[in-house]
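Residue numbers (the working numbering): -18 to 398.
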């Protein structure tokens, strides 16, 4: 009897061991399946988007090329440099090749800027509390805007509240405040680590692209025919403001669906986007005139204005797609040159405009060709901006504002570990 009881207990124990083993096997399989399903998310979380870093730096540096011939496309500015032998009366119109470069850069650079800014804003928000985010944006954007816009404004001996090229930081700070406000309202318990649906994300992406194209005609008309930007703190152009905010929001959405970038390694898609963008710009180029509305030739009919605005919107979207795909495929890893350019891009953006105008006036006054002026101004303004960075920012407390304290070379209050 005892033998049978012992045998029965052994069989029960064996069955329990098999059951536990089976449950462990099933649990392991489920865990592995979940890991496979969420692997893209994990990869996304640790991914460094070197391509977007490079695109941001490239767009910043292209400001040198865009502003180098400024006296040609805004000749009235030459009247401030008559001592160099130039004036609005003596300025020649831009040659065809230079005009094409200027209008090409103008057609996509700022929209890409705001898209990337939205992307990295969402990145910063994901790592900080709303209070930390607003504090960071106030220091890096608001203080920088007030400091340097005021400095450049006072160069003519009076303060008028002009923003010059610093309008971008002004808009970006406002957009960041709006974003921070809605982030504060958002439930902190909301689950943001959801599994991604590629098909759904692509459909939404196409809808966003369509909206960015479709809103352009209305916003152009809201600003008098062309989206404009603020020249002073109180002169925000509503059409341009809403248009760039839409691009900023599209960048934030892209961050939440950044797995699309990781999977977008199609060379064919990149080439097709380049062909489409180049084709649209080729069609659009004869109708382009003026910068931010200055010197623009009005369309003859409302239908013509609508067509041009749609093409402008489509052109901006296609170039954004191409540059995002191309830079993400090319820049897989960081390197010292990229890190240096990324670090320099913001200071160069701040400093470059005045050197561009002065050098342009000097070289034009010397009678150089437009090609020589362009190359000379780009190289010279870049060199001057780099020197100013190392003299005024790199080793000074200004780096705490421009670069952030953690990235600054000067850290006297750093805690010793």
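We put the beta carbon where it would ideally sit given N, CA and C, even for glycine.
Buried or exposed: residue i, going by 16 or more other Cβ atoms within 10 Å of its Cβ?
| i | result |
| --- | --- |
| residue 336 | buried |
| residue 368 | exposed |
| residue 220 | buried |
| residue 296 | buried |
| residue 300 | buried |
| residue 201 | buried |
| residue 328 | buried |
| residue 89 | buried |
| residue 153 | buried |
| residue 44 | buried |
| residue 348 | exposed |
| residue 284 | exposed |
| residue 141 | exposed |
| residue 374 | buried |
Under 8 Å by Cβ, that's how I've got residue i and residue j pegged, so tell me the actual separation to the nearest angstrom.
| i | j | result |
| --- | --- | --- |
| residue 194 | residue 298 | 6 Å |
| residue 407 | residue 197 | Here the chain has residues from -18 to 398 only, and residue 407 is not among them. |
| residue 271 | residue 98 | At roughly 25 Å, the Cβ-Cβ gap does not stay under 8 Å, so residue 271 and residue 98 are not in contact. |
| residue 100 | residue 150 | At roughly 17 Å, the Cβ-Cβ gap does not stay under 8 Å, so residue 100 and residue 150 are not in contact. |
| residue 306 | residue 31 | In fact, because the Cβ distance is near 14 Å, the residues do not count as touching under 8 Å. |
Which value, in whole angstroms, describes the spacing of the CA atoms of residue i and residue j?
| i | j | result |
| --- | --- | --- |
| residue 366 | residue 356 | 15 Å |
| residue 330 | residue 46 | 12 Å |
| residue 163 | residue 78 | 45 Å |
| residue 20 | residue 242 | Low local confidence applies: a pLDDT of 39 at residue 20 is under 50, so the model's placement there is unreliable, with the coordinate-based value given in what follows. For residue 20 and residue 242, the distance between alpha carbons rounds to 15 Å. |
| residue 326 | residue 213 | 24 Å |
| residue 145 | residue 224 | 19 Å |
| residue 84 | residue 206 | 16 Å |
| residue 50 | residue 341 | 7 Å |
| residue 172 | residue 161 | Annotation note: pLDDT 48 at residue 172 (below 50); position unreliable, coordinate value reported separately. In a straight line, the C-alpha of residue 172 is about 18 Å away from that of residue 161. |
| residue 250 | residue 258 | 12 Å |
| residue 103 | residue 157 | 10 Å |
| residue 332 | residue 178 | 44 Å |
| residue 136 | residue 377 | 22 Å |
| residue 105 | residue 344 | 42 Å |
| residue 352 | residue 82 | 12 Å |
| residue 324 | residue 381 | 13 Å |
| residue 63 | residue 70 | 10 Å |
| residue 254 | residue 166 | 38 Å |
| residue 25 | residue 308 | In this predicted model, residue 25 has a pLDDT of only 43, less than 50, meaning its place in the structure is not dependable; the value taken from the coordinates is given anyway. The alpha-carbon atoms of residue 25 and residue 308 are separated by roughly 17 Å. |
| residue 354 | residue 256 | 30 Å |
| residue 143 | residue 126 | 11 Å |
Q: Would you check if there are 3 or more beta carbon pairs closer than 8 Å linking the segment 272 to 283 to the segment 302 to 316?
A: no
Q.
Closer than 8 Å is the cut-off here; do at least three beta carbon pairs connect the segment 109 to 123 with the segment 181 to 188?
A. no
Q: Write down every uninterrupted run of the alpha helix (DSSP H) in the segment 106 to 183 whose length is 4 residues or greater and which is fully enclosed by it, in chain order.
A: 111 to 118, 125 to 134, 148 to 166
Q. Which runs of the alpha helix (DSSP H) spanning at least 4 residues fall entirely within the segment 207 to 284, listed in chain order?
A. 219 to 237, 240 to 244, 248 to 265
Q: Please confirm if the segment 34 to 44 is in contact with the segment 90 to 99, defined as three or more CB-CB distances below 8 Å between the two stretches.
A: yes
Q) Between the segment 58 to 70 and the segment 229 to 242, are three or more C-beta pairs nearer than 8 Å? A) no
Q. Where are the alpha helix (DSSP H) runs, 4 residues long or more, that stay fully inside the segment 22 to 102, in chain order?
A. 31 to 48, 51 to 54
Q.
Give the list of continuous beta strand (DSSP E) stretches no shorter than 3 residues that lie fully inside the segment 327 to 397.
A. none
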